[in-house]
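Numbering (the numbering used here), first residue to last: 5 to 134. No residue lacks a Cβ here, since even glycine has one placed at the ideal position from N, Cα and C.
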């Protein structure tokens with residue numbers, strides 16, 4: 005099953021090898037620069053987060069899943085898997101840094117390796133990520 009965003013969802017926690025989508029992040033990075041790109045990611049975080057908690061929670065993601073065009077596709081267990089994929093501190097939610105790192109990690113076109121790439125992106129966008 006392919007979603008409106010081109011992501012192939014074959015299992016509750018889909019294997020990254022089954023992803024089939026157009027990666028626009030590299031062209032956005034070129035066009036916007038590192039700081040502008042991170043700013044766009046942060047805007048996406050703001051759109052999906054729980055306004056009171058300042059985090060992306062299960063409920064905020066479920067409530068805003070229509071923004072991603074996935075309201076008729078994702079089951080609750082798949083939403084949980086999405087959160088687990090990026091949850092670095094084990095609280096079951098995504099803060100802004102976790103969200104941005106997850107987005108970078110999931111972009112094959114950026115060849116994100118979690119070390120130098122992350123460091124340079126965070127440094128270039130220091131005023132966006134608190």
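Test item: CB-CB of residue i and residue j under 9 angstroms
i           : j           : result
residue 100 : residue 53  : yes
residue 49  : residue 97  : no
residue 59  : residue 69  : no
residue 110 : residue 92  : no
residue 90  : residue 102 : yes
residue 86  : residue 65  : yes
residue 43  : residue 36  : yes
DSSP state of residue i mapped onto helix, strand, coil
i           : result
residue 13  : Because the pLDDT of residue 13 is 38, which lies under 50, any placement of that residue in the model is unreliable, and the question is left without a value.
residue 54  : strand
residue 111 : coil
Residues that residue i bridges to, as DSSP identifies them
i          : result
residue 60 : 98
Assigned exposure category for residue i - 16 Cβ within 10 Å defines buried
i          : result
residue 45 : buried
Rounded straight-line distance, which links the Cα of residue j to that of residue i
i          : j          : result
residue 30 : residue 40 : 13 angstroms
Residue i CB to nearest heavy atom of the ligand MN below 8 angstroms
i          : result
residue 97 : The ligand content of the structure shown is nil, which means the ligand MN is not present either.
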